[in-house]
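*Asks:* Numbers 657 to 802, taken from our numbering, label the letters of the sequence shown in order.
Quick reminder that beta carbons are idealized off the backbone N, C-alpha and C, glycines included.
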Amino acid sequence: MDTYKIILEAHSGIAYVALLTIAIAVINSIIGISAKNEFKPKDRRIALFALIATHIQFVFGLILYFVSPNGLAKIKAVGMGGMQAYDRLLALEHPLVNLIAIALITVGWSSHKRADENKKFKKIAVFYALGLILLLSRIPWQTWIG
Ligand code: HEM
């Protein structure tokens, strides 16, 4: 297997872990807010696990962008104007929007640390949920599960 295939496999597999752990962190925070729970070490670990999975996914995504024929190579080969909608999703929209999503999740993590005890769940819920929505909006579903 060549480098591209290995990285694609990893990026494709870690995607499940990243999306699932972010979703769990969002649900856990919503439960925490509704039940007015105290923010415990367990809640911190759930949010941290999602952050780490997301950052690992980011690293593989970044490498993929440079080794995949559907990343930067596509833009170089056909130019911005020559791309079909699905080319644009893979080479442009997915990397760019997911980068913003990852930044939002990172901001959520950092700001929960500085937040008052009763605001920690809210920081995680809002920023992680926004990130998750952006991620889900730009997943290349056809090639991933299709
Ligand atoms: C948490 C964030 C991310 C998730 C959940 C995610 C998920 C995915 C999934 C499910 C695929 C389809 C894989 C397949 O066809 O088997 C994919 C493809 C791709 N991703 Fe990501 N991704 C993320 C972040 C990124 C970032 C930040 C970049 C680049 C900077 C990136 C670059 C790419 C590229 C170039 C492809 C197309 C690969 C190809 O088909 O050759 N991804 N991503």
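1. Whole angstroms are fine: how far does the CA of isoleucine 670 sit from the CA of isoleucine 678?
2. What number of angstroms, rounded off, separates the C-alpha of isoleucine 789 from the C-alpha of leucine 748?
3. Please list the segments of the beta strand (DSSP E) lying wholly inside the stretch 702 to 759, counting only runs of 3 or more residues, in order along the chain.
4. Candidates Phe716, Leu720, Lys776: which alpha carbon is nearest tryptophan 765's?
5. Would you tell me roughly how many angstroms separate the C-alpha atoms of isoleucine 719 and isoleucine 663, rounded to the nearest one?
6. Asparagine 684 lies in the alpha helix (DSSP H); which residues open and close that run?
7. If you reduce the DSSP assignment to three classes, tell me which class arginine 794 lands in.
8. Looking only at its own chain, which residues have a Cβ that is under 6 Å from the Cβ of proline 751, when we skip the five neighbours before and after it?
9. Which same chain residues, not among the five before or five after tryptophan 800, have their C-beta less than 8 Å away from its C-beta?
10. Within this structure, are the beta carbons of isoleucine 780 and alanine 709 separated by less than 7 Å?
*Replies:* A quick look at the data gives this:
1. Locating residue 678 in the sequence shown gives position 22, where the first residue counts as 1. Locating residue 670 in the sequence shown gives position 14, where the first residue counts as 1. For isoleucine 678 and isoleucine 670, the distance between alpha carbons rounds to 12 Å.
2. As a working mapping, residue 789 is identified with position 133 in the sequence shown. As a working mapping, residue 748 is identified with position 92 in the sequence shown. Their Cα atoms are separated by approximately 18 Å.
3. none
4. Position 109 of the sequence shown holds residue 765. Taking the Cα of tryptophan 765 as reference, the smallest distance to any Cα among Phe716, Leu720, Lys776 is reached at Lys776.
5. Indexing the sequence shown from 1 puts residue 719 at position 63. Indexing the sequence shown from 1 puts residue 663 at position 7. If I take the Cα positions, the gap works out to 8 Å.
6. Here residue 684 corresponds to residue number 28 of the sequence shown, with the count starting at 1. 659 to 690 is the extent of the alpha helix (DSSP H) around asparagine 684.
7. Locating residue 794 in the sequence shown gives position 138, counting from the first residue. Of the three classes helix, strand and coil, the one that applies to arginine 794 here is coil, per DSSP.
8. Position 95 of the sequence shown, counted from the first residue, corresponds to residue 751. Closer than 6 Å at Cβ, skipping near neighbours: Tyr721.
9. In the sequence shown, counting from the first residue as 1, residue 800 sits at position 144. By the criterion of a C-beta distance shorter than 8 Å, tryptophan 800 is surrounded in its chain by Ser668, Ala671, once the five residues flanking it on both sides are discounted.
10. Numbered from 1 along the sequence shown, position 124 holds the residue referred to as residue 780. Numbered from 1 along the sequence shown, position 53 holds the residue referred to as residue 709. No, these two residues do not count as a Cβ contact at 7 Å.
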